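Heads up: the structure comes next, in structure tokens.
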Amino acid sequence: MLDANKCRARVQRGRCWQPRLSFDSPKLRSRCGGPLLKSILLIPAFFSSERTLRTTVRMIKPVLFFAIALFAAVPFSSPVFCQDEDEEEFTQTAPSSVQDDVEKAVAAFNAGQDAHAEGDLSKAMENYLEALRLLPEFPEAEYQIGTIHQSRGNLKDAEESFRRAISLRPAWTLPSSALGSLLVRKGEFAEAKMVLLNTLERDGNCIPCYPPLTEVYLQTDEEPEILRKHLQRLTILTSKSRIPASIWAAKAAVERSIGEITAAKESVSRALSLDPESTPALSEQIEILLALKDFEAAAAKAGRLVEKEPESVPAKIQLARAEHAAGRSQNAISILEPISAGSDAASGMIAMIKLDMGSDPGPLIELLKEKPGDPAVLGKLCSVTRKSDPESSLQYCLSASEAEPTNIDHAIGYGAALLQLKRYADAANLFSRLKENFGDNYTVRVNFAFALFQLERFDLAREEYLWITERQPELAAGHYFLAIANDRLERYTEALSSYQRFLKLAAKDKEQFADEISRVELRLPILERQVDSGKRRN
Numbered sequence: 000m001l002d003a004n005k006c007r008a009r010v011q012r013g014r015c016w017q018p019r020l021s022f023d024s025p026k027l028r029s030r031c032g033g034p035l036l037k038s039i040l041l042i043p044a045f046f047s048s049e050r051t052l053r054t055t056v057r058m059i060k061p062v063l064f065f066a067i068a069l070f071a072a073v074p075f076s077s078p079v080f081c082q083d084e085d086e087e088e089f090t091q092t093a094p095s096s097v098q099d100d101v102e103k104a105v106a107a108f109n110a111g112q113d114a115h116a117e118g119d120l121s122k123a124m125e126n127y128l129e130a131l132r133l134l135p136e137f138p139e140a141e142y143q144i145g146t147i148h149q150s151r152g153n154l155k156d157a158e159e160s161f162r163r164a165i166s167l168r169p170a171w172t173l174p175s176s177a178l179g180s181l182l183v184r185k186g187e188f189a190e191a192k193m194v195l196l197n198t199l200e201r202d203g204n205c206i207p208c209y210p211p212l213t214e215v216y217l218q219t220d221e222e223p224e225i226l227r228k229h230l231q232r233l234t235i236l237t238s239k240s241r242i243p244a245s246i247w248a249a250k251a252a253v254e255r256s257i258g259e260i261t262a263a264k265e266s267v268s269r270a271l272s273l274d275p276e277s278t279p280a281l282s283e284q285i286e287i288l289l290a291l292k293d294f295e296a297a298a299a300k301a302g303r304l305v306e307k308e309p310e311s312v313p314a315k316i317q318l319a320r321a322e323h324a325a326g327r328s329q330n331a332i333s334i335l336e337p338i339s340a341g342s343d344a345a346s347g348m349i350a351m352i353k354l355d356m357g358s359d360p361g362p363l364i365e366l367l368k369e370k371p372g373d374p375a376v377l378g379k380l381c382s383v384t385r386k387s388d389p390e391s392s393l394q395y396c397l398s399a400s401e402a403e404p405t406n407i408d409h410a411i412g413y414g415a416a417l418l419q420l421k422r423y424a425d426a427a428n429l430f431s432r433l434k435e436n437f438g439d440n441y442t443v444r445v446n447f448a449f450a451l452f453q454l455e456r457f458d459l460a461r462e463e464y465l466w467i468t469e470r471q472p473e474l475a476a477g478h479y480f481l482a483i484a485n486d487r488l489e490r491y492t493e494a495l496s497s498y499q500r501f502l503k504l505a506a507k508d509k510e511q512f513a514d515e516i517s518r519v520e521l522r523l524p525i526l527e528r529q530v531d532s533g534k535r536r537n
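In this text, residue positions in the sequence shown follow numbering that gives the first Met the number 0: the first is 0, and each later residue adds one.
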């Protein structure tokens, strides 16, 4: 008879196994010294890296076919002893009912896989449940049942199934990553973080763990140092082959959060090149547009995402944010109201939009008493009080930034309040620092340009307005300030071109630009003579 260590080696060769016992049951350890179905339902290491439900179905199925082949090749026995090759084998033949149950369980599971791949979730669920009835300790079946519950929105049942699968096979990372993702969806970020980090400790290449862990970090305003370390891991992953779009989208999200907008745009473009229909990548593309203050483009893409995912609450909330940012607050409320009963985020956003639609800070101040330190309320007060009480606005913006340090909008609001107070030097210093990390942020560049212009730093202001007009060539105001900067720098030919461009664009809204149009029309005859006489420095 072999000792436990020799028996474990036999388990790896498929010679020592017993259906109906748990992987780690004391009874099995006493008989075979090793886990049960690892030699039967052996999941390849790369399996834990699969992301989508349908791909998961395709991956598990060949494993079960392998199991069937193993059942056919190995006598259905329940070994009490394990032995060396030259020893006489002593076995007890398992009852035929045990053999039949295992075969039927595997067959039911495979039938469930077929139905699952075809999108027939009811039939798939029926077969998975039958497999569990026949073989109660069947982690693959538990996991697939969890995925169906999750797709149907039955998060409680899905969580129970994932936890059961984990208890049956603790080293299997796929149900652990699924549980972490589900906990993120429920907003239980602390446990989600623990589950995902523990899983990554066991397998640093667990691809499905990274997107939900990224969401945890961003939702909980993780320290910048942690975000940068996480970004390093994502960067290493994206250097490998066959990395899914979701990892590139996660990388883009972290890059955006730390102000590396250019890198974020490149990452999300790579994600969409891999999978043009990737929901995480499309969603992150919208977030980048919102960060760049390109609200119309963000709203258009968010609308298409909702068309693609008509039942997605996060997609509808993102569309509402874009509509509100674009100045269509009532549209945003109309989008949110149908989902507000089942979504605290939607109902809270409706309340904030309604407060934001008014110019009276009173209700917000009262709300702040109920929610002291709430960054959303502080951010709204930062904006609402900017013109009426810029000194108070400074304090609200500062408090909001301290409460939510990764949100650049609060820092921008602080700078805008400085401009309102005509503290142009302080504003220029602030926006100069913001530009270092958020160089692609349109609002940062516009405010920085205006501060420089007011300080009569026309050389630097000109560079900013060149960037602005390249980015928004149809924006009349940008060409107006660029023209003046060129004019003051005696770059007359360029000034003339910019003035003419301004007049063409301003003609679309003469009422808004009436004063500026008058000034330019007075200046143009003199400027044209200066150009003709060669008084220019271009």
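Using N, Cα and C, we set each Cβ at its ideal position, and we do this for glycine too.
Bear in mind the structure is a predicted one, so any value in this text is a computation, not a measurement.
Supposed close pair residue i, residue j - CB separation, criterion 8 Å
i: residue 430; j: residue 446; result: 5 Å
i: residue 363; j: residue 379; result: 5 Å
i: residue 140; j: residue 148; result: Not confirmed; about 13 Å, so no contact.
i: residue 382; j: residue 412; result: 6 Å
i: residue 467; j: residue 482; result: In fact, because the Cβ distance is near 13 Å, the residues do not count as touching under 8 Å.
i: residue 374; j: residue 399; result: 5 Å
i: residue 131; j: residue 137; result: 6 Å
i: residue 464; j: residue 515; result: Wrong, their Cβ atoms sit about 14 Å apart, outside the cutoff.
i: residue 414; j: residue 426; result: 5 Å
i: residue 320; j: residue 281; result: Going by Cβ atoms, the distance from residue 320 to residue 281 rounds to 15 Å, so no, they are not a contact pair.
First and last residue of the uninterrupted alpha helix (DSSP H) at residue i
i: residue 355; result: 343-356
i: residue 467; result: 457-470
i: residue 400; result: 389-402
i: residue 247; result: 244-256
i: residue 261; result: 260-273
i: residue 364; result: 361-369
i: residue 486; result: 475-487
i: residue 200; result: 188-201
i: residue 321; result: 312-324
i: residue 495; result: 491-505
i: residue 238; result: That residue, residue 238, is in no alpha helix (DSSP H); it is neither H nor E in DSSP.
i: residue 138; result: 138-150
i: residue 168; result: Careful: residue 168 lies outside any alpha helix (DSSP H) and carries neither H nor E.
i: residue 306; result: 294-307
i: residue 407; result: 407-419
i: residue 340; result: Per DSSP, residue 340 belongs to no alpha helix (DSSP H) and is neither H nor E.
i: residue 219; result: Per DSSP, residue 219 belongs to no alpha helix (DSSP H) and is neither H nor E.
i: residue 516; result: 513-531
i: residue 422; result: Neither: residue 422 is in no alpha helix (DSSP H) and is coded neither H nor E.
i: residue 207; result: No alpha helix (DSSP H) contains residue 207, which DSSP labels as neither H nor E.
i: residue 126; result: 120-133
i: residue 379; result: 374-383
i: residue 289; result: 278-290
Sequence-distant residues of the same chain with beta carbon closer than 6 Å to residue i, five excluded per side
i: residue 419; result: 385 and 389
i: residue 86; result: Any reading at residue 86 must be qualified, since the residue scores a pLDDT of 36, below 50, and its modelled position is unreliable; the value itself is stated next. Answer for residue 86: no residue qualifies.
i: residue 355; result: 379
i: residue 142; result: 164 and 174
i: residue 161; result: 145, 174, 177 and 178
i: residue 365; result: none
Residues of its chain near residue i, where Cβ-Cβ distance is below 7 Å and the 5 sequence neighbours each way are ignored
i: residue 165; result: 174, 175 and 178
i: residue 485; result: 461, 493, 494 and 497
i: residue 424; result: 454
i: residue 277; result: 244, 245, 248, 270 and 271
i: residue 327; result: none
i: residue 193; result: none
i: residue 504; result: 473, 475 and 478
i: residue 242; result: 236
Spatial neighbours of residue i in its chain, beta-carbon cut-off 8 Å, leaving aside the 5 residues before and after
i: residue 524; result: none
i: residue 441; result: 291, 292, 293, 467, 470 and 471
i: residue 532; result: none
Below-8 Å beta-carbon distance, residue i vs any chain C residue
i: residue 262; result: You won't find chain C in this structure, because it holds only one protein chain.
Between the stretch 195-211 and the stretch 232-246, do at least 3 Cβ pairs fall closer than 8 Å? yes
Validate contact between the stretch 397-414 and the stretch 215-228 using beta carbons, cut 8 Å, 3 pairs: yes
Three Cβ pairs or more, each shorter than 8 Å: is that satisfied between the stretch 293-301 and the stretch 265-274? no
Are three or more beta carbon pairs between the stretch 339-349 and the stretch 358-374 nearer than 8 Å? no
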